[in-house]
Amino acid sequence: MKKFNIKKHYNNFIKQYYAKIINYNYGKYTKYDYREIFILAIIILFSCIIYLSLPAFYNYESFDKELRNKIYKDFKFDIKNIKGITYSIIPRPHLLIETSNLFLTTDSEKEFAKINNLKVFLSLVNLHNKEKINIKEIKINKANFYLNNTILKNFHKHFHTNIIKPIKINNSIFFYLDKNDVVTTISPIKKLKYFIDIKKRKKILNISGNLFDTDYNFQWKKDYSTPKILKSNLDFKNPNIKIINQIEKDNENNMFKGVSKTKFLNNELNIIYSYKENKIEVGTKNNKSNINDKIQINGDIDLNPFFFNLNLDLLDMDFNLITQKLFSYLYSLKNSIHPNFNGNLIFKISDLNNKLFENAVFNIKFIEKQIKLDQSKVNLLKIGIINFSNFEYIEKDNKLFLKSSMVLEVNDQEQFYKRFQISKKNRINLKKINFDLEKDIDENIYFISNIKYNFDDKSQKDNKVVSELKTYQINNIQQLTQIIKKNFNKIN
783 MKKFNIKKHY
793 NNFIKQYYAK
803 IINYNYGKYT
813 KYDYREIFIL
823 AIIILFSCII
833 YLSLPAFYNY
843 ESFDKELRNK
853 IYKDFKFDIK
863 NIKGITYSII
873 PRPHLLIETS
883 NLFLTTDSEK
893 EFAKINNLKV
903 FLSLVNLHNK
913 EKINIKEIKI
923 NKANFYLNNT
933 ILKNFHKHFH
943 TNIIKPIKIN
953 NSIFFYLDKN
963 DVVTTISPIK
973 KLKYFIDIKK
983 RKKILNISGN
993 LFDTDYNFQW
1003 KKDYSTPKIL
1013 KSNLDFKNPN
1023 IKIINQIEKD
1033 NENNMFKGVS
1043 KTKFLNNELN
1053 IIYSYKENKI
1063 EVGTKNNKSN
1073 INDKIQINGD
1083 IDLNPFFFNL
1093 NLDLLDMDFN
1103 LITQKLFSYL
1113 YSLKNSIHPN
1123 FNGNLIFKIS
1133 DLNNKLFENA
1143 VFNIKFIEKQ
1153 IKLDQSKVNL
1163 LKIGIINFSN
1173 FEYIEKDNKL
1183 FLKSSMVLEV
1193 NDQEQFYKRF
1203 QISKKNRINL
1213 KKINFDLEKD
1223 IDENIYFISN
1233 IKYNFDDKSQ
1243 KDNKVVSELK
1253 TYQINNIQQL
1263 TQIIKKNFNK
1273 IN
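Counting in our numbering, the sequence shown runs from 783 upward without gaps.
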């Protein structure tokens, strides 16, 4: 009963207290309260401004060593030659370093970047104590970054092992240098953000930039729940190409294994690869359920010294379109091939939707800044093989042409004569046809000249060669058929 009375008295007290608050006459204090609130707000505002401005009164002349240590601790970058430290609260509290040099490691001899106006953004906590200032992120704008093989290796280690705070880079330029410190590649960077998402437990690198005059977006990601697996996405804008990559470290075999998926137009290329002891082996991952798998690749790439042997097969492709794009691209590379870029690329176009060509094989060799296309060939449907040699680019009338010496080895004369509608009275025991071919790189136009018909040894015209020196323009298969018919009419 006593406990019940105590509870009852307590409830009554609470009701009476809140009733007084609700029914109280606040009107007589209204003016005074507003004035008091206004004064209090001003006091709070000025207190905040004073607190945020405290770092402006610090002496930064001897602070560069402490700041360098804080940046290395939080970002695992070494900053040297610090000059001109100032403080600003707009747009957020930050330190502004007028000039500095950035190094990937403390023992690096070569700077990674030369930076003007580096911004070091600060946490609001401990602004009153210079020694306990907490850095939130750093921001770099309009800087030049210099990359080489050593720096890239250190970057790879940095990505894999270091825990860092956010780094932002805007409107800067990345230069890639060779072993002689000569610039070989320039890549403008619009935005770069390198950070760790604490909630998702992921390390992320986002880059938006330009490479070889093509805009791209790149993302590199490491999930700490699966630390051995790294994922990356690369999107090129024009041409529209998307590359999705996943790589995993195989500690047991001391190697890396990966899967890469490339999408462009309606095509999809799935590649599996492995990396061990400076050698990369690649192969196509076939997906029978995907009708867009029209590209196959296999081979290997040695990294030291750099040399590749690759086989690339294009299935069910337009012969004229592919060759036009291929020869245009090779010409664009003519004066820009790095001397260490060496290797063989066997480029095969198969299952052609073409009335004359069955498949084509281009043996492209990159040797000491030169491109060679010797030992290339085209297979004609049931007829024979055209072998290429002596490739060269020539310019005429402000147009670019690819010129080559050609030899058609006739394997089936009956099919040849049937295809080009040669009457029986004009037929000969044909062995091969030699001719020169010029192709307009920009248009589907061919020129044939210096035609020579060689005859089989069993022919009545043993070892005789019939020549036609005239140059013919060919726009389609029908024109080619008419030219060959007229030539055989002349032979007989």
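Don't be surprised by glycine CBs; every beta carbon is placed ideally from N, CA and C.
With distances taken from CA atoms, which of the options is nearest residue i?
i: Phe894; options: Ser882, Phe927, Glu913; result: Phe927
i: Tyr998; options: Phe1018, Leu1162, Phe941; result: Phe1018
i: Asn911; options: Phe845, Ser954, Lys892, Ile971; result: Phe845
i: Ala925; options: Thr966, Ile1104, Thr881, Phe1144; result: Thr881
i: Ser1118; options: Thr967, Thr1008, Pro948; result: Thr967
i: Lys1004; options: Tyr1055, Ile1053, Phe1217, His938; result: His938
i: Asn923; options: Lys847, Ile949, Thr932, Phe977; result: Ile949
i: Lys1214; options: Phe1198, Glu1220, Phe1229; result: Phe1198
i: Lys1200; options: Phe1089, Ile1266, Lys1178; result: Ile1266
i: Phe1109; options: Ile1256, Ile951, Glu1225, Gln1203; result: Glu1225
i: Phe1217; options: Asn1232, Ile1227, Ser1205, Gln1203; result: Asn1232
i: Thr1253; options: Lys981, Lys1234, Ile1223; result: Lys1234
i: Phe994; options: Tyr958, Trp1002, Gln1001, Asn1015; result: Tyr958
What are the boundary residues of the alpha helix (DSSP H) that residue i is part of?
i: His942; result: 931-943
i: Leu1262; result: 1259-1273
i: Leu1112; result: 1101-1114
i: Asn848; result: According to the sequence provided, residue 848 is Glu. The question's Asn does not apply to it. Note, Glu848: alpha helix (DSSP H), 846-857.
Buried or exposed: where does residue i fall if 16 or more other Cβ atoms within 10 Å of its Cβ makes it buried?
i: Ala823; result: exposed
i: Gly866; result: exposed
i: Gln1078; result: buried
i: Ser1114; result: exposed
i: Tyr1111; result: exposed
i: Ser905; result: exposed
i: Ile971; result: buried
i: Ser954; result: buried
i: Tyr808; result: With a pLDDT of only 48 at Tyr808, under the threshold of 50, the placement of this residue in the model should not be trusted, and no figure is reported.
i: Val902; result: buried
i: Ser1171; result: exposed
i: Tyr1006; result: exposed
i: Ser1186; result: buried
i: Pro1021; result: exposed
i: Pro1087; result: exposed
i: Asn1269; result: buried
i: Asn793; result: At Asn793 the pLDDT is 46, less than 50, meaning the model places this residue with poor confidence and gives no usable figure here.
i: His876; result: buried
i: Tyr800; result: Below a pLDDT of 50, predicted positions are generally treated as unreliable, and Tyr800, at 44, falls in that range; the measurement from the model is reported next regardless. Tyr800 is exposed by the Cβ-count criterion.
i: Leu1184; result: buried
i: Val964; result: exposed
i: Leu1103; result: exposed
Since residue i contacts residue j with CB under 8 Å, what's their CB separation in whole angstroms?
i: Gly1040; j: Glu1030; result: 7 Å
i: Val1189; j: Ile1165; result: Their Cβ separation, rounded to whole angstroms, is 13 Å, which puts Val1189 and Ile1165 out of contact at 8 Å.
i: Ile1062; j: Asp1082; result: 7 Å
i: Leu900; j: Ile920; result: 7 Å
i: Leu1096; j: Lys1116; result: Not confirmed; about 23 Å, so no contact.
i: Leu884; j: Thr868; result: The pair is not a contact, with the Cβ atoms about 19 Å apart (cut-off 8 Å).
i: Ile1230; j: Leu1219; result: 6 Å
i: Lys1137; j: Ile1259; result: 6 Å
i: Phe977; j: Ile986; result: 6 Å
Please report the residue range of the beta strand (DSSP E) in which residue i lies.
i: Phe1038; result: 1037-1046
i: Lys1200; result: Careful: Lys1200 lies outside any beta strand (DSSP E), inside the alpha helix (DSSP H) at 1195-1201.
i: Ser1132; result: 1125-1132
i: Ser1171; result: 1166-1178
i: Ile1223; result: Neither: Ile1223 is in no beta strand (DSSP E) and is coded neither H nor E.
i: Glu1191; result: 1181-1192
i: Ser882; result: 876-885
i: Ile978; result: 965-979
i: Lys1207; result: No beta strand (DSSP E) contains Lys1207, which DSSP labels as neither H nor E.
i: Gln1078; result: 1077-1085
i: Val1143; result: 1139-1149
i: Val1160; result: 1159-1162
What I want to know is whether the C-beta of residue i ends up closer than 7 Å to one or more non-hydrogen atoms of the ligand GTP.
i: Ser1231; result: The model depicted lacks the ligand GTP and carries no ligand whatsoever.
Inspect the CB distances between the segment 904-918 and the segment 938-946 and report whether three or more fall short of 8 Å.
no
Count Cβ pairs between the segment 1116-1128 and the segment 1149-1156 that sit closer than 8 Å; are there 3 or more?
yes
Specify whether the segment 854-864 and the segment 882-891 touch according to this definition: at least 3 beta carbon pairs, one from each stretch, less than 8 Å apart.
yes
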